[in-house]
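Trainee: Each residue of the sequence shown is one higher than the one before, counting from 1030 in our numbering.
Backbone N, C-alpha and C fix where the C-beta goes; we use that ideal spot for every residue, glycine too.
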Amino acid sequence: MPPPRTRGTALRRRLAELRGPGVPAKALDARALAALAANPGCSRRAILDGAGVNKTALASALGSPSAFGQSQFALTRGNAFEAKVKADGGTELLRLVHERLDPHAEPPAGASVPDLTAVGPEGRTARTALALREATAAAGTWTLLDHPMLALDVAGSPAFLEPDAVVVHPDGSWTVVEIKSFPMLDGSADPAKVGAAARQAAVYVLALERVAARLDPAPPVRHRVLLVCPKDFSNLPTASAVDVRKQRAVTHRQLARLTRIEDIADALPEGTCFSPELPADRLLAAVESVPATYAPECLSACELAFHCRGRSREAGAVTTLGRPVRAELGALTTVEDVLAAARGEAGDPDDPAVAALRRAARLRGEALEAMCR
Ligand code: SF4
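Encoded structure:
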């Protein structure tokens, strides 16, 4: 087997070929990494993200443009809310961190907010690491890092991530802060949106842990993050502590899997390329050569969702009905198989899914018969 450095270079070259000549790699951000973790079984997404393919451009070239992403209005509203939360040296933000996560510490009066400006993402990452080290060494004080930059190795190349804020507590521990513009009504928010925010925050926790591991002793990175949202229908900030241990573990596993995109790349036909400049039929063949695991959740997480949903529907795949239904149906993977099993024309009668379908079909027949009498 070639040495790791040679393998890394060969993989980078292969991934560049998959993007197409002269096509720059699209950087992965925390939102993309979090979405990857939400569908860990999808090889298609893993290879496209690993190779830095622009999935928005790819979806348009395939004729199924993505409706995924935030509107300009939502972005502007989100930025205005974040500015309000961080106003006055982050006084309100730090008050919320103290109240929700560290009520026994000294109240955060006169916290330090270091300047993190530097040239390029690498420079900002180094500046952030230095600020974290200095803040941790200054025991007994609160520090707010506004838009720090963190790096996470993904499939051999660094992904640069920018959390809304990181707070260093007086005991030297670090907390990730996520600021979102969706409302928290009576103390709770839309679970799907909280779940997405938790997955995103878990990516930042992992990246922070890499920074902490380089310090001696390594400061603890808290696994309860602070989610800040507008209170009810106002523009006033409120916050909730969110435990991201599960999301962190899933993302960690998924990142380890991403480093095996080499295997997915090796299984692709020679000459496979995802450049949006290619004719649609070649592009379609390239995309379809990678197995996908479509689920309705893709609609809110992946730019290729409309394309993959269309192909799943054409194939009559039961995945379009959702993961819980898919799991119940066991070996029956198409709607045609399910109907044939229910009619007693196919399927193993000892299979619990087949037996349940036949029973349901029999009950339905009896009910219809009773109605017609
Ligand atoms: S939309 Fe397609 S490529 Fe994206 S995660 Fe779902 S199945 Fe995978």
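In terms of DSSP beta bridges, what is residue 1253 paired with?
Mentor: Counting from 1 along the sequence shown, the entry for residue 1253 is found at position 224. According to DSSP, residue 1253 bridges with 1272.
Trainee: How many angstroms separate the CA atom of residue 1133 from the CA atom of residue 1357?
Mentor: Counted from its first residue, the sequence shown places residue 1133 at position 104. Counted from its first residue, the sequence shown places residue 1357 at position 328. So the two alpha carbons sit approximately 48 angstroms from each other.
Trainee: Beta-carbon distances below 5 angstroms to any heavy atom of the ligand SF4 define the shell here; list its residues in chain order, please.
Mentor: Counting only residues whose CB is nearer than 5 angstroms to a non-hydrogen atom of the ligand SF4, the list in chain order is 1068, 1071, 1073, 1074, 1321, 1323, 1327, 1331, 1333, 1334 and 1337.
Trainee: Where does residue 1346 sit, in a helix, a strand or coil, going by DSSP?
Mentor: Taking the sequence shown and counting its residues from 1, the one referred to as residue 1346 is at position 317. Note: residue 1346 maps to strand in three-state DSSP.
Trainee: So, for residue 1344: in the same chain, excluding its five sequence neighbours on each side, which residues have a beta-carbon less than 8 angstroms away from its beta-carbon?
Mentor: The residue given as residue 1344 occupies position 315 in the sequence shown. Correct list, in chain order: 1363.
Trainee: Measuring alpha carbon to alpha carbon, tell me which of 1124, 1130 and 1192 ends up nearest residue 1153.
Mentor: Counting from 1 along the sequence shown, the entry for residue 1153 is found at position 124. When each option's Cα is compared against that of residue 1153, the closest is 1192.
Trainee: Which of the three DSSP states, helix, strand or coil, is assigned to residue 1110?
Mentor: For the purposes of this step, residue 1110 is identified with residue 81 of the sequence shown, where counting begins at 1. Correct three-state label for residue 1110: helix.
Trainee: Roughly how many angstroms lie between the CA atoms of residue 1212 and residue 1223, to the nearest whole one?
Mentor: Here residue 1212 refers to the residue found at position 183 when the sequence shown is read from its first residue. Here residue 1223 refers to the residue found at position 194 when the sequence shown is read from its first residue. The alpha-carbon atoms of residue 1212 and residue 1223 are separated by roughly 10 angstroms.
Trainee: Decide yes or no for the touch test of the stretch 1227 to 1247 against the stretch 1177 to 1184: beta carbon pairs closer than 8 angstroms, at least 3 of them.
Mentor: yes
Trainee: Could you check which residue in 1187, 1166 and 1226 has the C-alpha nearest to that of residue 1199?
Mentor: Taking the sequence shown and counting its residues from 1, the one referred to as residue 1199 is at position 170. Among 1187, 1166 and 1226, the Cα nearest to that of residue 1199 is on 1166.
Trainee: So what does DSSP say about residue 1210, is it helix, strand or coil?
Mentor: For the purposes of this step, residue 1210 is identified with residue 181 of the sequence shown, where counting begins at 1. When DSSP states are grouped into helix, strand and coil, residue 1210 belongs to the coil group.
Trainee: With a cut-off of 8 angstroms on the beta carbons, I'd call residue 1128 and residue 1266 a contact; round off their distance for me.
Mentor: Taking the sequence shown and counting its residues from 1, one reaches residue 1128 at position 99. Taking the sequence shown and counting its residues from 1, one reaches residue 1266 at position 237. The pair is not a contact, with the Cβ atoms about 11 angstroms apart (cut-off 8 angstroms).
Trainee: State buried or exposed for residue 1083, treating a residue as buried only when at least 16 other CB atoms are found within 10 Å of its CB.
Mentor: Against the sequence shown, residue 1083 aligns to sequence position 54. Looking at its Cβ environment, which holds 16 or more other Cβ atoms inside 10 Å, residue 1083 is buried.
Trainee: So if DSSP puts residue 1328 in a beta bridge, which residue, or which two residues, is it bridged to?
Mentor: Mapped onto the sequence shown, residue 1328 falls at position 299. Partner(s): none; residue 1328 has no beta bridge.
Trainee: Go ahead and pull the three-state DSSP assignment for residue 1182.
Mentor: By one-based count along the sequence shown, residue 1182 stands at place 153. Residue 1182: strand per DSSP, three-state reduction.
Trainee: Can you tell me whether residue 1353 is helix, strand or coil according to DSSP?
Mentor: The residue labelled residue 1353 in the question sits at position 324 within the sequence shown. Looking at residue 1353 - three-state DSSP - the assignment turns out to be helix.
Trainee: Name the DSSP beta bridge partners of residue 1175, please?
Mentor: Position 146 of the sequence shown, counted from the first residue, corresponds to residue 1175. When DSSP reads this structure, residue 1175 sits in a beta bridge with 1194.
Trainee: Quick check: what's the CA-CA separation for residue 1197 versus residue 1086?
Mentor: Against the sequence shown, residue 1197 aligns to sequence position 168. Against the sequence shown, residue 1086 aligns to sequence position 57. So the alpha carbons of these two residues sit roughly 39 angstroms apart.
Trainee: Does the contact criterion of 3 or more C-beta pairs under 8 angstroms hold for the stretch 1202 to 1210 versus the stretch 1251 to 1264?
Mentor: yes
Trainee: Say whether the stretch 1316 to 1330 touches the stretch 1340 to 1354, bearing in mind that this needs 3 or more beta-carbon pairs closer than 8 angstroms, one atom from each stretch.
Mentor: yes
Trainee: What residue from 1276, 1279 and 1158 has the CA that sits closest to residue 1243's CA?
Mentor: In the sequence shown, the residue the question calls residue 1243 occupies position 214. Nearest option by C-alpha distance: 1158.
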